[in-house]
Structures are given as structure tokens and as C-alpha cells.
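Engineer:
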Amino acid sequence: MNAVTAPESRSLGAPAGDVPSARSWRAELRLAYERHGDRTVLAARSHVGPLVVQRPLYPEGSAVCHTILVHPPAGIAGGDSLSVDVDVRVGAHALLTTPGAGKWYRSAGARGGLTQRIAVAAGAVCEWLPQESLVFDGAIGDLATEVSLSGDACFVGAELLCFGRTGSGERFTRGELAMRTSIVRDGRPIWLERGRLGGGSVLLSSAVGLQGEPVSGSLLVAAPQVDMDLLEAWRALAPTVGTGGVTLLPGLLVARYLGPACEPGREWFTRLWAAVRPAVAGRPMQTPRIWNT
């Protein structure tokens, strides 16, 4: 691993509320996966600052490389800038997740940013399954996810956001999170989405917004194999708590969730993932072990 040590900065133990901003994190992580025979390997990795990966894991055999993305500060504060670049090369299969919930901390005014760029080559599969993110009251940030697919590449991506720390009764009354997601295949867009949610905004309670629920999420499956049969399989799997909807677009299955907590949203997304994975990735679902810790 090539590593450049981050400059002296704040303590890794971030408090529950405001985070000191005398120093801001600048962190980058680059990963490349390759197919070697019947095995997917993490062929290249480099990082700058506190954004790293643990060793590759193979809980379901050598064909799929599981990787855990670790950000020791545990969250993004005002002024932080993080970027992750993932390159899944021809025929490789990578599953990436995180060890726990991410956090967007309260800001004194500066914006934090996280940019995620994922390239998936022909015959390759990328499953991008981070655990949920908690958006603290007063957080100000920009979240961008850019996915580029080639040929018959498959991408499965989940995003689950909780606005306010609901366990302590907190709501998202101030701040802002701007979100942008794009998926292109062979240079042609198949999914473009932008959103901007302000703390205290009417969208938090509006029928065309979050409908008063603090948790929202999306599960996207971009693959040539998605069809009406998979859509019907998803329609048969309703959330146990909260509300959900599913849609089939050309080359893309979309699931949306709204609810009172992250756990039922994650549980629903896991059932949807189990229903679609054999068709788009050729194997049954294998829950990352870190989710059970």
C-alpha cells in the first residue's frame, strides 16, 4: 500500500456534537480489482490521509473479493473532503461495505464533501453496500456518487440516510445535504439524480418529500438482466416497517424506502438484494460478516 500520512489534525475520537475544525481531513482512497483465473484480487490500492481498507476477505470463495472501507475519524465534519475511487476490471467481482454507520457532523459553516467514483468493466460486478449514514442536525455537506459501466457490467448500490439522531430525539432542523448520483453505461446516462435537503425544509414533512420520516434510502441495480420477473419478485417483498416502492427502468431496478429507523430499511434492502443477486451476479446472497458485529 502506498500511504501518505495526513498532517497533524483533530483527535480520532469525535464527540457526539460539534467537531473541532482547527484542521480538516483531506483523504483519498483508490482501489483496483482484477480477475486472476477464478479469483478476484485487490490488485492495487493507495490512500492519502485517514481512509483505508482492511485486508481482502473471501467469505464466499475466491471469486468475490469483500472489502471493508474504514474511515477512522468515523464521520465527515465541515471542511473535510473525502474521495473514493473504485475500479473493478474485466471479469472481477468486488463487494464493498463499511464497518458501521457513517456520520455527517454538525458544522459551524464550512461544507464537508464525499465523492465516490466507481468504474465497472465488461463482465465485472460491483456491489457497493455501505451501512447507513447519520446526518446530524446542523450538518452541511455534499454527497456525490458517479458510476461508469462498460458493456454488460453489473452494479448494485445502496444508500440509506437518517436525518437527525433519532435515538436521542434529534431532528434535522438546520443545515443542508446536497446529493448527486449518476450511472452511465458506455457513456450513456441511465440514471441521473440530484437533490438538496435543507434542515427544517418543508420537504421533510411534505407528501412529495420525506413525509415526516427521518430515514430515506435507495437501492439501485444496473444490469442487463433486470426484467419484469425481477420487478415482480421485488413487489412481493414489502417492508415490514415504513413504506417502499420499486420501479423498473431500461437496464435499471430502483427501490425507494421511507421509514422511522435505519434497521427496517436495511433489512428490506437485504431481502431485495437476496432476490436479485442470483440473476444479476450468478450467486446467492452472502451477508458481509461485519454487519453482524
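According to this note's numbering, the sequence shown is numbered sequentially starting from 316.
Where a beta carbon is used, it is the ideal one built from N, C-alpha and C, also for glycine.
For clarity, every value in this text was computed on a predicted model and none was experimentally measured.
What does DSSP give as the partner residue(s) for residue 478 in the beta ladder?
Structural biologist: In the DSSP output, where bridge partners are listed per residue, residue 478 has 450.
Engineer: Measuring alpha carbon to alpha carbon, tell me which of 374, 343 and 476 ends up nearest residue 609.
Structural biologist: Nothing about residue 609 can be read from this structure; the chain reaches only from 316 to 608.
Engineer: Determine the closest residue to residue 385 out of 554, 439, 371 and 375, with distance taken between C-alpha atoms.
Structural biologist: Among 554, 439, 371 and 375, the Cα nearest to that of residue 385 is on 371.
Engineer: Of all the options 498, 597 and 520, which has the alpha carbon lying nearest to the alpha carbon of residue 531?
Structural biologist: Among 498, 597 and 520, the Cα nearest to that of residue 531 is on 520.
Engineer: From residue 488 to residue 353, what does the alpha carbon distance come to, in whole angstroms?
Structural biologist: So the alpha carbons of these two residues sit roughly 51 Å apart.
Engineer: Do residue 603 and residue 412 have their beta-carbon atoms positioned less than 8 Å apart in this structure?
Structural biologist: Yes, Cβ-Cβ distance for residue 412 and residue 603 is below 8 Å.
Engineer: Run through the DSSP bridge pairs and tell me what residue 585 is partnered with.
Structural biologist: The partner list for residue 585 (beta bridge, DSSP) is empty, contrary to what the question assumes.
Engineer: Straight-line CA distance for residue 592 to residue 512?
Structural biologist: Distance between the alpha carbons of residue 592 and residue 512 is about 32 Å.
Engineer: Is it true that the CB of residue 573 sits closer than 8 Å to the CB of residue 526?
Structural biologist: Cβ distance < 8 Å, so residue 526 and residue 573 count as in contact.
Engineer: Which term fits residue 420, buried or exposed, when burial requires 16 or more other beta carbons within 10 angstroms of its beta carbon?
Structural biologist: With 16 or more Cβ atoms within 10 Å of its Cβ, residue 420 is classed as buried.
Engineer: For the candidate residues 452, 410, 416 and 457, whose alpha-carbon lies nearest to that of residue 441?
Structural biologist: It is 410 whose Cα lies nearest to the Cα of residue 441.
Engineer: For residue 550, count neighbouring C-beta atoms within 10 Å of its own C-beta (all shown protein chains included) and say buried if the count is 16 or more, exposed if not.
Structural biologist: Result: exposed.
Engineer: What's the C-alpha gap between residue 450 and residue 364?
Structural biologist: Approximately 22 Å between the Cα atoms of the pair.
Engineer: Using beta-carbon positions only, say whether residue 478 and residue 433 come within less than 8 Å of one another.
Structural biologist: No. Outside cutoff.
Engineer: I need the boundaries of the beta strand (DSSP E) containing residue 543, first residue and last residue.
Structural biologist: Unbroken run through residue 543 is the alpha helix (DSSP H), 543-550; no beta strand (DSSP E).
Engineer: Is it the case that the Cβ atoms of residue 438 and residue 490 are separated by a distance below 8 Å?
Structural biologist: For residue 438 and residue 490, no; Cβs fall outside 8 Å.
Engineer: Under a Cβ-count criterion, where at least 16 other Cβ atoms within 10 Å of its own Cβ denotes burial, should residue 351 be classed as buried or exposed?
Structural biologist: Label assigned to residue 351: exposed.
Engineer: Could you give the DSSP three-state label for residue 349: helix, strand or coil?
Structural biologist: Of the three classes helix, strand and coil, the one that applies to residue 349 here is strand, per DSSP.
Engineer: Give the DSSP-derived three-state secondary structure of residue 537 in the structure shown.
Structural biologist: Residue 537: strand per DSSP, three-state reduction.
Engineer: Apart from the five residues just before and just after residue 594, which ones in its own chain have a Cβ nearer than 7 Å to its Cβ?
Structural biologist: Closer than 7 Å at the Cβ level, and outside the excluded window around residue 594, lie 540 and 545.
Engineer: If we count the other Cβ atoms within 10 Å of its Cβ and call it buried at 16 or more, is residue 504 buried or exposed?
Structural biologist: Classification for residue 504: exposed.
Engineer: Leaving out five residues on either side along the sequence, give the residues of the same chain with a beta carbon under 7 Å from the beta carbon of residue 358.
Structural biologist: Counting only Cβ-Cβ distances below 7 Å, and skipping sequence neighbours, we find 347, 348 and 349.
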